[in-house]
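Engineer: In the numbering used here, the protein residues as written are -6 to 303.
Yeah, the Cβ is synthetic: ideal placement off N, Cα and C, and Gly gets one too.
Below you will find the structure I want to go over with you.
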């Protein structure tokens, strides 16, 4: 359904970028699924963490574009974990398995919260070089479901899907956004009961980010001005938490701008990663960085900074 409507590139992506499955825990049922694309010589890649409803391939447009420009990117789908500490421990083991000391993280919604929790978890021995937080939140209490978080594991899959779908945009949207929503519904259908229950549990169990542990990490906050599952209060809280963060605002894009506004999202990702070019934390092959490209991106960076100040 969504596969063809979202982009003709999707099927090509599925046929050319292999999906890897990796087990790093003692429990063999905990399988990480991931796409690892771009130059393996890059030791500080950009890793994408999906929202509750997402699978690793929801970032296919970022993978295709960014690897074409010389970046190494990894898109993940996490196993069933029931608390944030367990997730963070598993993610650390995965990075160890992939022999990655430090990484840049792009997290969407729940993925953004988990990215912050992982940065917090590893703050004494840092593993996160920077964060891009897309429609993300810093406190699970905003969903007013902390009291039900411990009962999600009991609910049948259709009820869990109904809870997730309740946060999807309703009402008229443009064709690209409609296709993006269709695609995410399709991905949601592919998730099993335990996957959904565990993600909703992580999304809603009582927890918040401790900003003093990650205040030195460069952050870009990416959000949309139209309808999304995040309240204005939740967005304002993120701005307060990261007063020095760069802001990447999209006029429209709903809950899934990486699908329906991929060109803008990809540009903001490049602008964010530009600050690491020429360092050991560059996510791009140095030979792919031309003087012209750097100049264009610096202009983009300057323009976006001016817009923020207006």
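For residue 159, count neighbouring C-beta atoms within 10 Å of its own C-beta (all shown protein chains included) and say buried if the count is 16 or more, exposed if not.
Structural biologist: Here residue 159 corresponds to residue number 166 of the chain shown, with the count starting at 1. The residue is exposed, with fewer than 16 neighbouring Cβ atoms inside 10 Å.
Engineer: Contact between the stretch 34 to 43 and the stretch 11 to 19 is defined here as three or more beta-carbon pairs at a separation below 8 Å; is this criterion met?
Structural biologist: Contact fails: fewer than three Cβ-Cβ distances are below 8 Å.
Engineer: In angstroms with no decimal places, state the Cα-to-Cα distance between residue 201 and residue 132.
Structural biologist: Translated into the one-based positions of the chain shown, residue 201 becomes position 208. Translated into the one-based positions of the chain shown, residue 132 becomes position 139. If I take the Cα positions, the gap works out to 4 Å.
Engineer: Which residue wins for smallest C-alpha separation from residue 3, given the options 173, 264, 230 and 208?
Structural biologist: The residue you call residue 3 lines up with position 10 of the chain shown. Nearest of 173, 264, 230 and 208 to residue 3, Cα basis: 173.
Engineer: Look at the Cβ atom of residue 217, then the Cβ atom of residue 245, and state whether they are nearer than 9 Å.
Structural biologist: The sequence position of residue 217 within the chain shown is 224, counting from 1. The sequence position of residue 245 within the chain shown is 252, counting from 1. Yes, they are a contact pair.
Engineer: Per DSSP, what kind of secondary structure is residue 231 in: helix, strand or coil?
Structural biologist: If you number the chain shown from 1, residue 231 lands on position 238. In this structure, residue 231 counts as helix in the three-state DSSP scheme.
Engineer: Could you give the DSSP three-state label for residue 116: helix, strand or coil?
Structural biologist: On the chain shown, residue 116 is found 123 positions in, with the first residue counted as 1. It is coil, neither helix nor strand.
Engineer: Taking the C-alpha atoms as reference points, what is the distance between residue 64 and residue 142?
Structural biologist: Position 71 of the chain shown, counted from the start, is the residue given in the question as residue 64. Position 149 of the chain shown, counted from the start, is the residue given in the question as residue 142. Residue 64 and residue 142: Cα-Cα distance of roughly 37 Å.
Engineer: For a quick check, are the C-beta atoms of residue 129 and residue 214 less than 9 Å apart?
Structural biologist: Position 136 of the chain shown, counted from the start, is the residue given in the question as residue 129. Position 221 of the chain shown, counted from the start, is the residue given in the question as residue 214. Against a cut-off of 9 Å, the Cβ pair of residue 214 and residue 129 comes out as a contact.
Engineer: Go through the stretch 22 to 59 residue by residue and report every complete run of the beta strand (DSSP E) that reaches 3 residues or more, in order.
Structural biologist: You should have 24 to 30 and 39 to 42.
Engineer: Which word fits residue 70, buried or exposed, when buried means at least 16 other C-beta atoms lie within 10 angstroms of its C-beta?
Structural biologist: One-based indexing of the chain shown puts residue 70 at position 77. Burial call: buried.
Engineer: Return the bridge partner residues of residue 240 from the DSSP annotation.
Structural biologist: For this step, residue 240 is matched to residue 247 along the chain shown. Residue 240 is bridged to 214.
Engineer: Does DSSP put residue 2 in a helix, in a strand, or in coil?
Structural biologist: Taking the first residue of the chain shown as position 1, residue 2 is located at position 9. DSSP places residue 2 in helix when its eight states are reduced to three.
Engineer: Does the distance from the CB of residue 266 to the CB of residue 116 come in under 9 Å?
Structural biologist: One-based indexing of the chain shown puts residue 266 at position 273. One-based indexing of the chain shown puts residue 116 at position 123. No, the Cβ-Cβ distance between residue 266 and residue 116 is not below 9 Å.
Engineer: In whole angstroms, what is the alpha-carbon distance linking residue 10 and residue 29?
Structural biologist: Residue numbering aside, residue 10 sits at position 17 when the chain shown is read from its first letter. Residue numbering aside, residue 29 sits at position 36 when the chain shown is read from its first letter. For residue 10 and residue 29, the distance between alpha carbons rounds to 8 Å.
Engineer: What is the rounded straight-line gap between the Cα of residue 163 and the Cα of residue 150?
Structural biologist: Position 170 of the chain shown, counted from the start, is the residue given in the question as residue 163. Position 157 of the chain shown, counted from the start, is the residue given in the question as residue 150. Distance between the alpha carbons of residue 163 and residue 150: 21 Å.
Engineer: Please name the residue, chosen from 18, 54, 58 and 122, that lies closest to residue 82 on a Cα-to-Cα basis.
Structural biologist: In the chain shown, counting from the first residue as 1, residue 82 sits at position 89. Looking at the Cα atoms, 18 is the closest of the given residues.
Engineer: Counting C-beta neighbours from all protein chains within 10 Å, is the total for residue 271 16 or more, i.e. buried, or is it exposed?
Structural biologist: Residue numbering aside, residue 271 sits at position 278 when the chain shown is read from its first letter. Residue 271 comes out exposed.
Engineer: Would you grab the beta carbon distance between residue 105 and residue 126 for me? Rounded to a whole angstrom, and I think it's under 8 Å.
Structural biologist: Looking up residue 105 in the chain shown gives position 112. Looking up residue 126 in the chain shown gives position 133. Yes, residue 105 and residue 126 are in contact; Cβ-Cβ is about 4 Å, under 8 Å.
Engineer: For residue 44 versus residue 102, is the C-beta spacing smaller than 9 Å?
Structural biologist: The sequence position of residue 44 within the chain shown is 51, counting from 1. The sequence position of residue 102 within the chain shown is 109, counting from 1. Result yes, Cβ atoms of residue 44 and residue 102 sit closer than 9 Å.
Engineer: What three-state label does DSSP hand residue 190 in the structure shown?
Structural biologist: Within the chain shown, residue 190 is the residue found at index 197, counting from 1. In this structure, residue 190 counts as helix in the three-state DSSP scheme.
Engineer: First and last residue of the alpha helix (DSSP H) that includes residue 156?
Structural biologist: Translated into the one-based positions of the chain shown, residue 156 becomes position 163. Here the alpha helix (DSSP H) through residue 156 covers 150 to 158.
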